[in-house]
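Okay, structure first, notes after.
2 protein chains.
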Amino acid sequence: MKKLILLCAIVLVLAAIIMACGPGRQTPTRESAVGGTTSQAGLSADAAQVAAERGLSPDDVTAALKTFMPSGQLDPYIMFASGGQGGQVLVVGVPSMRILKLIGVFTPEPWQGYGFGGAGNAILAQGKVGDNEILWGDTHHPGLSETNGEYDGQFLFINDKANARVAVIDLKDFATKQIVKNPLAINDHGGSFVTPNTEYIIEGPQYAAPLGWEYSDIANYKEEYRGVMTLWKFDRATGRIDPAQSFSIELPPYFQDLCDAGKKVSDGWLFCNSFNTELATGGVEDGNPPFEAGTAKNDTDYLHIVNWKKAEELYKAGKVETIKGMPLIRLDTAAKEGVLYFTPEPKSPHGADVTPGGEYVVVGGKLDPHVTIYSFDKIQKAIAALNEGTMTKDEFGVPVLSLDSTMEAQVELGLGPLHTVYDDKGYAYTSLFLDSVVARWTLGGPYQGLHPEEPWTLVQKLPVQYNIGHIAAAEGDTSSPDGNYVVALNKWSIDRFANVGPLLPQNFQLVDTSQTGDTMKVLYDMPIGMAEPHYAQIIKADKLAPLEVYPVGTNPETMQQDPNAITGPDQAKVVRNGNNVEIWMAVVRSHFTPEHIRIKQGDHVIWHFTNLEQTRDATHGFALPGYNINLSLEPGKTETIEFDANMSGTYAYYCTEFCSALHLEMLGYFMVEPN
Amino acid sequence: MKKLILLCAIVLVLAAIIMACGPGRQTPTRESAVGGTTSQAGLSADAAQVAAERGLSPDDVTAALKTFMPSGQLDPYIMFASGGQGGQVLVVGVPSMRILKLIGVFTPEPWQGYGFGGAGNAILAQGKVGDNEILWGDTHHPGLSETNGEYDGQFLFINDKANARVAVIDLKDFATKQIVKNPLAINDHGGSFVTPNTEYIIEGPQYAAPLGWEYSDIANYKEEYRGVMTLWKFDRATGRIDPAQSFSIELPPYFQDLCDAGKKVSDGWLFCNSFNTELATGGVEDGNPPFEAGTAKNDTDYLHIVNWKKAEELYKAGKVETIKGMPLIRLDTAAKEGVLYFTPEPKSPHGADVTPGGEYVVVGGKLDPHVTIYSFDKIQKAIAALNEGTMTKDEFGVPVLSLDSTMEAQVELGLGPLHTVYDDKGYAYTSLFLDSVVARWTLGGPYQGLHPEEPWTLVQKLPVQYNIGHIAAAEGDTSSPDGNYVVALNKWSIDRFANVGPLLPQNFQLVDTSQTGDTMKVLYDMPIGMAEPHYAQIIKADKLAPLEVYPVGTNPETMQQDPNAITGPDQAKVVRNGNNVEIWMAVVRSHFTPEHIRIKQGDHVIWHFTNLEQTRDATHGFALPGYNINLSLEPGKTETIEFDANMSGTYAYYCTEFCSALHLEMLGYFMVEPN
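Taken in sequence, the protein lines are chains A and B. Position one of the first sequence corresponds to residue 1 (my numbering), numbered consecutively onward. Position one of the second sequence corresponds to residue 676 (my numbering), numbered consecutively onward.
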């Protein structure tokens, strides 16, 4: 009976709301509806029954309605998440949390034809380490290009922690265009992220090694191992990194971790946290403390404070030493010339996150229950007050600013604070790995008044499932975050999804942050079963303007007209020159021209393809059996493959995209006559 | 005012429903709810407001509530979808349509450590074509292992159309265990699917080629090009295909397409459709009709009817010719001995789908508006009535049964019928590519009475977005389909999702088929942005029983105890023997033992890893920079890598899985002294 009364109450509340949002509310509703779906507000007659049958709680129903995307309605936000050791980038619609695309970056991806004969092969080859081809990466931190501290939707950058490489993705076609290998570092972590106008893409280090990863025994750790931060110059005109205008800064062999760029009041500066100021070198097998213990002895490590505009001046003034082709500002120069400063940060920090206005840097200490908030203004005053006679220096000669002189506040959040992002209401959101929660807390200073609570106070701890690593907020790394959503990047999923074997998916949880106060709720669990994302950025979808089709004859590597493009099947031809055979092929629904290719074993084959279609989604594929070749030929694209016909035989090449009802009939024969 | 009245009406209906499902409905609801979410039935107070603000129609709301999975609730069905030219298999939860895992099959996948140094390398190497490594595939048709015509949840098989290969995936750990290369064929299509007790995995052909893809000019098409169907013997005890007990059947150079196995009354038989009975050879560049036209001239092609038990007898009796190590039943033998029969099927068919009881075979003609239903009983009678003197034969001597003698019915559905699946209510569902619809129609014979309608009649055409290729039903390829859901595998998505560039995702649409009659509705749009699935099977989740962790020391390739497994860090060691260095490494949160490896450039390194964890989800990774090595070490797993240390230098190896708060500290140094 009590339940019945409760249910009646719910119905009455519901009725009231629906009445209240009657005619007046219809207009926006009608506007927000999309062709195909009727725009009538309210609930279907069987909705309550479905909810009852499926055991959905009231919160479940609300979450379902907040995340469901009717067919054809487009997600208002797009999240770019790293793929971790998958070596890729994931493109996810928010709030529906559907994977819209996986972008091949450091790992070949045949659906995109990336690394199976076409332009991708040359791009992947840029990522070689010495003589060794590296066909995977450990993508960590995607960074969207920015203009005046706002995402501009033009480019995405991503680092490979495992081999110290940075890739450039063009958001005109969501494809990787460039990979640069760092000549001084063999691994990285504190990147990629950009300066407020994408002047530079920053690649910060992780595990110390000799410069250029030369051989040196770890016994020489303090003397010969170093950290290297690289500022890669980005050329917007070409859409490529220009290594010839890039430079690096030498750092002590602390394990520098995550970095962020100053913005607005702190523009021109960079901040990186670090661990292993203990200079631990491990060796558990010899009775030494393992790295996990050795690096956690000190109560504090060093926040790295870098004046990158000063560093740029030194580089342009030639105050560098060029090693392996990379101009390097040596550590003593950086210390002497005011490029590098330190200030203490609590135990085993992870993340150094600059507030939207650039006033503060927030650092979480994994083994400290607090986040520590540093004031940029105080840092500047402390630097100004430095006096050569009295200043403290670390053992590598870098000036150390006292914690008292730089700290604005500390907020106790709980166990394992890792990473902090921001919204439009003056809240900060910190992931707590050990507590498995998202902590919402208040900023002070200029952010006071945006939220109803006291500054620098914990507002809510929302449990997430489980072991949250990083966290992402809508437009969260810009000068003007949106609010509305935070995504928890949970590393363990354990019991959240059906069992798919000992290797479990991760769990992205969408969190509703639209209301102030103690109101955060988990809206959606999204499994990630092909990657281990470490970090993500979320951009407003309307900031992106990708191509729908390529202009006919576009080379995807240069994004220019390809000299070998053809404009019609009549231009298709095969030209033999000695044992070089060059083919110009036309591709259109649903046949290849030519359909017969006759060559001799040992011939060198150069094969150009142009998809003549200009209809959106009229993509063709090209598969050549036995030769490890597969291309994705989107409308207008021109691709070229080159190989030696080492095996004789009869090979039917065919279209791998279901392009029409007669797609199975889109084939030809590659006949290789034996010697 | 009218709106207000309508809204009131909705509220009253709603109220009535909620009352009706008051206390009585609470019990199942409470049971089905999950810890953390309250189990109270009904709708949250703000649900209506959310629906109004987001412009959700009543149908949208119902669809949202039917597909939303509260955190921790598990999908009742698991769909295995091919990854097309991605070369992978996708594991999807139904009805939430979330990708739970991508399984690396023919393409290396670094998140799983598949093909980057560990056991996967040997498996991928089994797939070589001649001297050429093939590191992608065009996966088309996943086939779940069956017992008595029911999915048993033990194994999954998948073919590579591009190179005529078949892979075996063990569903104990959702990992690929074997790849076999067909020695007689260079491409396939009509597979992989299984006989009712998984005696054989069938690999049917696609584009004709000389046996063993030997060189022969297409001018010799009729004389020298052939189709090859292979019956791969599966050994359940070892969980592997046994090539030594497998055999093939030679077919005419028609393009055999999709196949299915008879079941129950038709057990022992196989059925494949075909196209290009015209023996068209293309050559549009020389003024010939392109394949797409040349293969579409005839009004009918040939349904292939194969007696596989008879073929098995011939193979065991030695009535074969062994070519390239594969026993082959030649075409004349197959024709003479009653292994192979033909019967006409309408224009450019695609799909030959056996009804749950095995009574009928349904074929869709892409260029014919009908599906044609063949009766197995009539086929048997027609075969029995064959008379050597009077029988019709095709130009290769294969007996042809008249359409009148084999056809049960034809149903006109619309444009481009491709593929047909079944439910538990006597309905068939056919994808219509050109109409972009899912057609529901009624079966007759023993299925009459399960549905209210007349037999062999069209019931509903449901629009889908867009260009549907294949279609999958819950347990749809078994002897006892479930009903409830059909998934439309749409090849084009065009305007369904946010623009992610010229290469668009596909669109899987979940269709509600739970009610009879004209009631099908699209529930959910799922983008597929990393693959082009061609076919899928959907199994009840409770039929799967994967491992949660490996017993400590399990070798993932053999699934047996690995001789190089260790049981504790105390057993970790490095042993040098000349220039061979062998390492036994212990892996546990959060350190490696040993943390220092000292070798010389040119040394040959054999490195064994054992993850000592038995906690679910306590996976570690192992990345070695510069050497293209990354392993996924799930709890209990033992892996071995082997390589030559060709580059000198200092390399920090580290754990690539975020395994604990101190995961960043899980590293060691690999020091390679130069010669």
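Even for Gly, the Cβ is constructed at its ideal location relative to N, Cα and C.
Could you please give the first and the last residue of the uninterrupted beta strand (DSSP E) stretch that includes F868(B)? Against the second sequence, residue 868(B) aligns to sequence position 193. Where F868(B) is concerned, the enclosing beta strand (DSSP E) starts and stops at 866 to 869.
I'd like to know if T38(A) contacts chain B, where contact means its C-beta is closer than 9 Å to some C-beta of that chain. Indexing the first sequence from 1 puts residue 38(A) at position 38. For T38(A), the pLDDT reaches just 30, beneath the cut-off of 50, and the residue's location in the model is therefore unreliable, leaving the point undetermined.
Kindly provide the ranges of any beta strand (DSSP E) runs that are 3 or more residues long and lie completely inside the region 250 to 322 of chain A, ordered along the chain. As far as the region 250 to 322 of chain A is concerned, its whole beta strand (DSSP E) runs of at least 3 residues are 255 to 261, 269 to 275, 300 to 307.
State the beta-bridge partners of W232(A) as determined by DSSP. Within the first sequence, numbered from 1, the residue matching residue 232(A) stands at position 232. Its beta-bridge partners are I201(A).
In chain B, what lies closer than 9 Å to A494(A) by C-beta? Here residue 494(A) corresponds to residue number 494 of the first sequence, with the count starting at 1. Per the sequence shown, residue 494(A) should be read as Ile rather than Ala. Under a criterion of Cβ atoms nearer than 9 Å, the residues of chain B adjacent to I494(A) are, in order, R1291, D1292.
Terminal residues of the alpha helix (DSSP H) in which I379(A) lies: As a position in the first sequence, residue 379(A) is number 379, starting the count at 1. Per DSSP, the unbroken alpha helix (DSSP H) holding I379(A) starts and ends at 376 to 384.
Would the beta-carbon of F832(B) fall within 9 Å of that of F922(B)? Indexing the second sequence from 1 puts residue 832(B) at position 157. Indexing the second sequence from 1 puts residue 922(B) at position 247. No. Outside cutoff.
Neighbourhood of G1026(B) by C-beta distance below 7 Å, restricted to the same chain and skipping five residues each side: Taking the second sequence and counting its residues from 1, the one referred to as residue 1026(B) is at position 351. Here G1026(B) has L933, N948, V1038, G1039, L1093, H1094, T1095 as same chain residues with Cβ atoms under 7 Å from its own Cβ, once five neighbours each way along the sequence are excluded.
Opposite G1032(B) in the DSSP bridges: which residues? For the purposes of this step, residue 1032(B) is identified with residue 357 of the second sequence, where counting begins at 1. Looking at the DSSP assignment, G1032(B) forms no beta bridge with any residue, so it has no partner.
Backbone secondary structure at K776(B) - three-state DSSP: Walking along the second sequence from the start, residue 776(B) turns up at place 101. K776(B): strand per DSSP, three-state reduction.
Using 10 angstroms around the beta-carbon of A52(A), count the other beta-carbons present and answer buried if the total reaches 16, otherwise exposed. Position 52 of the first sequence, counted from the start, is the residue given in the question as residue 52(A). Its Cβ being crowded by 16 or more others within 10 Å, A52(A) is buried.
Taking S71(A) and Q1140(B) to be in contact with their CB atoms under 8 Å, please state how far apart those CB atoms are, rounded to whole angstroms. As a working note, residue 71(A) is residue 71 in the first sequence. As a working note, residue 1140(B) is residue 465 in the second sequence. Yes, S71(A) and Q1140(B) are in contact; Cβ-Cβ is about 6 Å, under 8 Å.
Provide the residue span of the beta strand (DSSP E) that contains A334(A), from first to last. If you number the first sequence from 1, residue 334(A) lands on position 334. Counting along the chain, A334(A) sits inside no beta strand (DSSP E); it lies in the alpha helix (DSSP H) bounded by residues 331 to 336.
Reference A912(B), options F830(B), S1335(B), S1155(B), closest by Cα: Position 237 of the second sequence holds residue 912(B). Comparing Cα positions, the closest option is F830(B).
Spell out whether any CB of chain B is found under 9 Å from the CB atom of R25(A). The count along the first sequence starts at 1 and reaches residue 25(A) at position 25. Confidence is the limiting factor: at R25(A) the pLDDT is only 31, short of 50, which leaves the residue's position unreliable, though a coordinate-based value still follows. Chain B has a Cβ within less than 9 Å of the Cβ of R25(A).
Report yes or no: is there a C-beta of chain A within less than 9 Å of the C-beta of V1346(B)? The residue you call residue 1346(B) lines up with position 671 of the second sequence. First, the residue type needs correcting, since residue 1346(B) is Met and not Val in the sequence shown. It does; some Cβ of chain A falls within 9 Å.
Rounded to the nearest angstrom, what separates G1343(B) and I218(A) at their Cα positions? Within the second sequence, residue 1343(B) is the residue found at index 668, counting from 1. Within the first sequence, residue 218(A) is the residue found at index 218, counting from 1. Approximately 10 Å between the Cα atoms of the pair.
Under the three-state reduction of DSSP, which class applies to W111(A): helix, strand or coil? Counted from its first residue, the first sequence places residue 111(A) at position 111. Residue state, collapsed to three classes: helix.
Against chain B: residues of the region 641 to 654 of chain A by CB proximity under 8 Å: The region 641 to 654 of chain A vs chain B, Cβ under 8 Å: N646, M647, S648, G649, T650, Y651, A652, Y654.
Just curious, the alpha helix (DSSP H) that K1166(B) is in, first and last residue? Counting from one through the second sequence, the residue named residue 1166(B) turns up at place 491. It is not in any alpha helix (DSSP H) - K1166(B) carries neither H nor E in the DSSP assignment.
At a CB-CB cut-off below 9 Å, which residues of chain B make contact with Q232(A)? Within the first sequence, numbered from 1, the residue matching residue 232(A) stands at position 232. Residue identity check: residue 232(A) is Trp in the sequence provided, not Gln. Against chain B, the beta carbon of W232(A) has no neighbour under 9 Å; the closest one sits roughly 19 Å away.
Short CB-CB distance (under 9 Å) between Y676(A) and chain B: With chain A running from 1 to 675 in the structure shown, residue 676(A) is simply not present.
Roughly how many whole angstroms lie between the Cα atoms of P674(A) and K600(A)? Numbered from its first residue, the first sequence carries residue 674(A) at position 674. Numbered from its first residue, the first sequence carries residue 600(A) at position 600. Across the structure, P674(A) and K600(A) are spaced so that their CA atoms are roughly 6 Å apart.
Listed by chain order, chain B residues near R576(A) by CB distance under 7 Å: Against the first sequence, residue 576(A) aligns to sequence position 576. Chain B residues near R576(A): none, gap ~15 Å exceeds 7 Å.
Quick check on S1155(B): buried or exposed, where buried means 16 or more other Cβ atoms within 10 Å of its Cβ? Here residue 1155(B) refers to the residue found at position 480 of the second sequence. Result: exposed.
Residue-chain proximity (P569(A), chain B), Cβ-Cβ < 9 Å: Locating residue 569(A) in the first sequence gives position 569, where the first residue counts as 1. P569(A) counts as touching chain B.
Minimum Cβ-Cβ distance from L1088(B) to chain A less than 9 Å: Here the question's residue 1088(B) lines up with position 413 in the second sequence. Under the Cβ distance rule, L1088(B) does not count among the residues neighbouring chain A, no pair being separated by less than 9 Å.
Mapping the DSSP letters down to three states, classify V1262(B) as helix, strand or coil. The residue labelled residue 1262(B) in the question sits at position 587 within the second sequence. Note: V1262(B) maps to strand in three-state DSSP.
Any chain B beta carbon closer than 9 Å to Y676(A): Nothing can be reported for residue 676(A): it is not among the residues displayed for chain A, which extend from 1 to 675.
Measure how close the beta-carbons of R598(A) and M671(A) come, nearest whole angstrom, since I'm counting them as under 8 Å. Here the question's residue 598(A) lines up with position 598 in the first sequence. Here the question's residue 671(A) lines up with position 671 in the first sequence. Their Cβ separation, rounded to whole angstroms, is 5 Å, which keeps R598(A) and M671(A) in contact under 8 Å.
Could you tell me which of R773(B), V1263(B), L1042(B) sits nearest to L1287(B), measuring between CA atoms? Translated into the one-based positions of the second sequence, residue 1287(B) becomes position 612. The shortest C-alpha separation from L1287(B) is found at V1263(B).
Run through DSSP, which three-state label would H663(A) get? In the first sequence, counting from the first residue as 1, residue 663(A) sits at position 663. H663(A): helix per DSSP, three-state reduction.
Using Cβ-Cβ distances below 9 Å, what residues of the region 846 to 858 of chain B are close to chain A? The region 846 to 858 of chain B vs chain A, Cβ under 9 Å: L846, K847, D848, F849, A850.
In chain A, what lies closer than 9 Å to T1331(B) by C-beta? Taking the second sequence and counting its residues from 1, one reaches residue 1331(B) at position 656. Within 9 Å of the CB of T1331(B), the CB atoms of chain A belong to G84, Q85, D138, K161, A162, E532, in sequence order along the chain.
Run down chain B in chain order and give the residues with a C-beta less than 9 Å from the C-beta of N132(A). Looking up residue 132(A) in the first sequence gives position 132. Chain B residues near N132(A): G1301, Y1302, N1303, N1321, M1322.
Taking a contact to mean a Cβ-Cβ separation below 9 Å, would you say Y550(A) touches E634(A) in this structure? Sequence index remark: in the first sequence, residue 550(A) carries index 550 (1-based). Sequence index remark: in the first sequence, residue 634(A) carries index 634 (1-based). Yes, these two residues count as a Cβ contact at 9 Å.
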